[in-house]
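Per my numbering: the sequence shown = residues 48 to 227. Even for Gly, the Cβ is constructed at its ideal location relative to N, Cα and C.
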Amino acid sequence: MRCESWTAWAGWRRSRTWAAAEKGPGPTRWRASRLVEYSVGAGGQVGGTFEELADILKAMRYHPRVGICLDSCHLFAAGWDLRTLQGVTQMVRAFERTVGLKHLRALHLNDSKGALGSRIDRHENIGRGRIGRRGFAALVNHPKLRRLAGFIETPGFDHHGPDRRNLLVLKKLRAGARKN
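Structure, rendered in structure tokens:
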């Protein structure tokens with residue numbers, strides 16, 4: 048199996064996050080990139096704003112093996128309204144201004160059980176949560192996000208983790224946009 052990147056959650060407490068960031072990715076025999084994941088920003092977590100992600104990248108001296116992974120549930124819980132193309136576009140523009148799209152390497156695609164801006168990190172199956180199918184259609188078809196790798200961390204329709212059904216929902220949303 049080939050691993051091109053792995054994700055580190057930025058949501059640790061500030062002292063731990065900054066200590067890790069200042070160390071940088073360190074030497075490794077693997078070529079995999081380290082992706083810092085956007086958090087919901089609750090309870091003193093780091094990485095819940097694009098400014099904090101930019102600061103982490105800066106502390107790591109913009110190392111070429113370090114990038115960002117955005118989680119749709121975390122974005123929604125932090126207040127980014129991803130239910131429409133307009134909301135997704137606003138988020139993308141803000142990320143582009145603050146961090147830079149060249150640093151965005153992957154998306155975690157998860158619907159949200161929590162309300163917009165609730166700071167509650169509870170993943171839901173695609174189309175069954177507060178973001179909904181329309182929001183995921185906007186995410187997976189956005190011209191500045193289409194090239195990214197996407198990963199699901201959903202509970203699964205059978206409650207046994209990410210499943211084929213969630214993947215098929217995303218594929219249909221992607222294919223539907225190609226027909227229009």
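Query, Result
"Exposed unless 16 or more other CB atoms sit within 10 angstroms - verdict on P111", "exposed"
"Check whether F97 and R177 have beta carbons under 9 Å apart", "no"
"Cα-Cα separation between H207 and R175, rounded to whole angstroms", "16 Å"
"Residue interval of the alpha helix (DSSP H) (run including S80)", "Where S80 is concerned, there is no enclosing alpha helix (DSSP H), although the beta strand (DSSP E) it sits in stretches over 80-84."
"Assigned secondary structure, E200 (DSSP; H/G/I helix, E/B strand, else coil)", "coil"
"Beta-carbon contacts of G197 that lie in its chain and below 6 Å, excluding the five residues immediately before and after", "L154, L156"
"Residues near G114 by beta carbon distance below 6 Å, same chain, minus five either side", "S80, L82, H150, R152"
"Reference K218; option with closest CA among V187, K191, T201", "V187"
"Buried versus exposed call for P190 [16 or more other C-beta atoms within 10 Å across all chains shown]", "exposed"
"Proximal residues to A141 (C-beta, below 7 Å), its chain only, five neighbours per side dropped", "F97"
"Under the three-state DSSP convention, the category R49 falls into", "Annotation note: pLDDT 45 at R49 (below 50); position unreliable, coordinate value reported separately. Coil at R49, not helix or strand."
"Residue environment, Q133, which counts as buried when at least 16 other CB atoms sit within 10 Å", "exposed"
"Straight-line Cα distance separating L220 from F183", "7 Å"
"CA-to-CA distance, V216 to V135, given in whole angstroms", "19 Å"
"N- and C-terminal bounds of the alpha helix (DSSP H) containing I173", "First-last for I173: undefined, no H or E at that position."
"C-beta atoms of H170 and C116 nearer than 9 Å", "no"
"When K105, L100, G90, T131 are compared against G179, the one with the closest alpha-carbon", "T131"
"CB-CB length for N213 against I173, believed under 8 Å", "5 Å"
"Nearest-angstrom beta carbon gap, G126 and G164 [assumed within contact, 8 Å]", "4 Å"
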